[in-house]
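Undergrad: In case it helps, this note's numbering puts the sequence shown at residues 9 to 362.
Beta carbons: idealized from backbone N, C-alpha and C, even for Gly.
Computed from a predicted model, the values in this text were never measured in an experiment.
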Amino acid sequence: MLDVEAALARACASEGLVPREAADAIAAACDAARFDAAALGQAAAAFALPVIPLVRALREVVGEQAAPYVHHGATSQDVLDTAAMLVARRALVPLVEDAAAAAGAAARLADAHRATVVVGRTLLQRALPTSFGLKAAGWLIGIEETLAALVAARDTALAVQMGGPVGHRDPSVGERVAAELGLVEPVLAWHANRVRPVALAAALGALAGALAKVARDVALFAQGEVGEAREGGGGERGGSSAMAHKRNPVASVSVIACATRVPGLVATMLAAMAQEHERAAGGWQAEWGTQVELLRLTGSATAWARELLEQLEVDPERMRAHVAQLAEEGVEGGLGASDELIDRALLAHRAAPR
Numbered sequence: 009m010l011d012v013e014a015a016l017a018r019a020c021a022s023e024g025l026v027p028r029e030a031a032d033a034i035a036a037a038c039d040a041a042r043f044d045a046a047a048l049g050q051a052a053a054a055f056a057l058p059v060i061p062l063v064r065a066l067r068e069v070v071g072e073q074a075a076p077y078v079h080h081g082a083t084s085q086d087v088l089d090t091a092a093m094l095v096a097r098r099a100l101v102p103l104v105e106d107a108a109a110a111a112g113a114a115a116r117l118a119d120a121h122r123a124t125v126v127v128g129r130t131l132l133q134r135a136l137p138t139s140f141g142l143k144a145a146g147w148l149i150g151i152e153e154t155l156a157a158l159v160a161a162r163d164t165a166l167a168v169q170m171g172g173p174v175g176h177r178d179p180s181v182g183e184r185v186a187a188e189l190g191l192v193e194p195v196l197a198w199h200a201n202r203v204r205p206v207a208l209a210a211a212l213g214a215l216a217g218a219l220a221k222v223a224r225d226v227a228l229f230a231q232g233e234v235g236e237a238r239e240g241g242g243g244e245r246g247g248s249s250a251m252a253h254k255r256n257p258v259a260s261v262s263v264i265a266c267a268t269r270v271p272g273l274v275a276t277m278l279a280a281m282a283q284e285h286e287r288a289a290g291g292w293q294a295e296w297g298t299q300v301e302l303l304r305l306t307g308s309a310t311a312w313a314r315e316l317l318e319q320l321e322v323d324p325e326r327m328r329a330h331v332a333q334l335a336e337e338g339v340e341g342g343l344g345a346s347d348e349l350i351d352r353a354l355l356a357h358r359a360a361p362r
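Encoded structure:
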């Protein structure tokens, strides 16, 4: 929020709305170390948002000459929405990096195991033989398609908010703030039009779901009676407190646990879209913690999925043994167009946006 207030002051000075000296004083004062976050949080309860106590504290810090120019022409939602977009952009840096690395690991598995035959399973029952490389290619495309949607949301949905109290502020200040902060400049203020945060939420939800699919497959592969793939990591990882013979799929469980909570959060963001007139009474406020949790949970799921795929241990011999059992029962089949399909997936991976 302090970054937003500093950018706002500089933008207003550039537009001739506040003295340059006042803007410089405000920007210099926007140092988080100068403020008591806990005290501001407690004070926020009286206003149902944190911006008002922050602005008051900032005015005290800058002194009498610059104080009247703090928060010039902005509304609290301008600051909080813009700050939320900045937080999202920063959080997406490691998240996108981890997702891209997970995709890269899936691509390597797909290429390395083109000819590794495995039993395909439908409705959790043995079906026909297929290629493990093709299965990994399916993981890859699931990650790539959802990551592409998230990258698109990052590049188009993370916008500045500078509409003023009812959304009719001259856009010149918002244009300058957007340029300084590296955010998108929206056509109109989006105080009560929540398509942008919902686009981000939906993209996060889809990525979390794609990663959970990978994790669930690996957890099933790692079952003792299947044993066709298992998590790496070595050491005592995955041990049981009661059963020494067990090796639990820690990364898979962690991905699934995080991803399971995400759909409900996406639903909250969707439910909050029906907002009242120019500013919401409750719906907008419901977004704050929800978006933070979405970023946290999807980020955690992505980090675990990266580790899962980069360290995955595949057992081709066990896979072939299970395919041989199928053949003994009269169920046979080739790999079909697996090789060509894997090539298509790898081509899409190499062309994917980041």
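What is the residue span of the beta strand (DSSP E) that Thr-130 lies within?
TA: 125-130
Undergrad: Over what stretch of residues does the beta strand (DSSP E) that includes Pro-324 continue unbroken?
TA: Element bounds for Pro-324: not the beta strand (DSSP E) but the alpha helix (DSSP H), 324-336.
Undergrad: Taking 9 Å as the threshold (C-beta atoms), are Pro-257 and Ala-288 in contact?
TA: no
Undergrad: Using a Cβ-Cβ cut-off of 8 Å (strictly less than) and excluding sequence neighbours within five positions of Val-126, which residues of its own chain qualify?
TA: Counting only Cβ-Cβ distances below 8 Å, and skipping sequence neighbours, we find Pro-137, Thr-138, Ser-139, Phe-140, Lys-143, Glu-236, Met-327, His-330 and Val-331.
Undergrad: Any idea which residues DSSP pairs Gly-211 with across the strands?
TA: Residue 211 is actually Ala in this sequence, not Gly. None, per the DSSP bridge assignment.
Undergrad: Indicate the three-state DSSP secondary structure (helix, strand or coil) for Glu-295 in the structure shown.
TA: helix
Undergrad: Spatial neighbours of Ala-216 within its chain, please: CB distance less than 6 Å, with the 5 preceding and 5 following residues excluded, ordered by chain position.
TA: So the list reads Ala-267, Val-270, Thr-306 and Ala-309, once near-sequence residues are dropped.
Undergrad: Work out the CA separation of His-121 and Val-226 for me, nearest whole Å.
TA: 15 Å
Undergrad: Under the three-state reduction of DSSP, which class applies to Val-192: helix, strand or coil?
TA: strand
Undergrad: Nearest CA to the CA of Ser-260: which residue from Glu-152, Leu-48 and Gln-319?
TA: Per the Cα distances, Gln-319.
Undergrad: Tell me, please, which residues DSSP counts as bridged to Glu-321.
TA: Arg-238
Undergrad: In chain order, what residues of the same chain have a beta carbon less than 7 Å from the beta carbon of His-357, not counting five sequence neighbours either side?
TA: A distance below 7 Å between beta-carbons, with the five flanking residues on each side excluded, links His-357 to the following residues of its chain, in chain order: Ala-111, Ala-115, Leu-148 and Glu-152.
Undergrad: Decide if Thr-130 is buried, meaning its Cβ has at least 16 other Cβ atoms within 10 Å, or exposed.
TA: exposed
Undergrad: Pick out the complete beta strand (DSSP E) segments inside the stretch 95-164, 3 residues or longer, and give them in chain order.
TA: 125-130 and 133-139
Undergrad: Among Gln-299, Glu-68 and Gly-342, which one has its Cα closest to the Cα of Arg-97?
TA: Gln-299
Undergrad: Determine the direct distance from the alpha carbon of Ala-99 to that of Ala-186, and round the result to whole angstroms.
TA: 18 Å
Undergrad: Would you check if the distance between the CB atom of Glu-301 and the CB atom of Gly-291 is smaller than 9 Å?
TA: no
Undergrad: What are the partner residues of Ala-167, as DSSP defines its beta bridges?
TA: Looking at the DSSP assignment, Ala-167 forms a beta bridge with Val-192.
Undergrad: Looking at the unbroken alpha helix (DSSP H) that takes in Met-281, where does it start and where does it end?
TA: Where Met-281 is concerned, there is no enclosing alpha helix (DSSP H), given that its DSSP letter is neither H nor E.
Undergrad: Going by CA-CA distance only, name the one from Arg-162, Gly-213, Val-222 and Ala-167 that's closest to Pro-361.
TA: Checked all of Arg-162, Gly-213, Val-222 and Ala-167; the closest Cα to Pro-361 is Arg-162.
Undergrad: Taking the C-alpha atoms as reference points, what is the distance between Arg-202 and Leu-273?
TA: 15 Å
Undergrad: Please name the residue in Leu-62, Cys-38 and Ala-35 whose C-alpha comes closest to that of Ala-47.
TA: Leu-62
Undergrad: Alpha carbon to alpha carbon, how far is Ala-74 from Ala-33?
TA: About 7 Å.
Undergrad: Leaving out five residues before and five after Ala-359 in sequence, what residues of the same chain have Cβ atoms less than 6 Å from its Cβ?
TA: Contacts found: none.
Undergrad: Between Ala-17 and the rest of its own chain, which residues show a CB-CB distance below 6 Å, the 5 nearest in sequence each way excluded?
TA: Ala-31, Ile-34 and Ala-35
Undergrad: Could you have a look at Leu-343 and say whether DSSP puts it in helix, strand or coil?
TA: coil
Undergrad: Please report the Cβ distance between Glu-13 and Val-78, rounded to the nearest whole angstrom; I am assuming they are in contact, meaning their Cβ atoms lie under 8 Å.
TA: 7 Å
Undergrad: Are Val-195 and Ala-165 close, meaning C-beta to C-beta below 9 Å?
TA: no
Undergrad: Which of the three DSSP states is assigned to Ala-252 in this structure?
TA: Low per-residue confidence applies at Ala-252: pLDDT is 48, beneath 50, and the placement is therefore not dependable, though the value from the model is reported in the following sentence. Note: Ala-252 maps to coil in three-state DSSP.
Undergrad: Please say whether Leu-88 and Met-9 have beta carbons closer to each other than 9 Å?
TA: yes
Undergrad: Kindly give me the distance between the Cβ atoms of Val-159 and Val-104, rounded to whole angstroms, as I take these residues to be in contact under 8 Å.
TA: 7 Å
Undergrad: Using the Cα positions of Ala-279 and Pro-324, report the straight-line distance between them to the nearest angstrom.
TA: Going from the Cα of Ala-279 to the Cα of Pro-324 covers about 47 Å.
Undergrad: Looking at the structure shown, is Gly-247 part of a helix, part of a strand, or coil, going by DSSP?
TA: At Gly-247 the pLDDT is 46, less than 50, meaning the model places this residue with poor confidence; the figure from the coordinates comes in the next sentence. Correct three-state label for Gly-247: coil.
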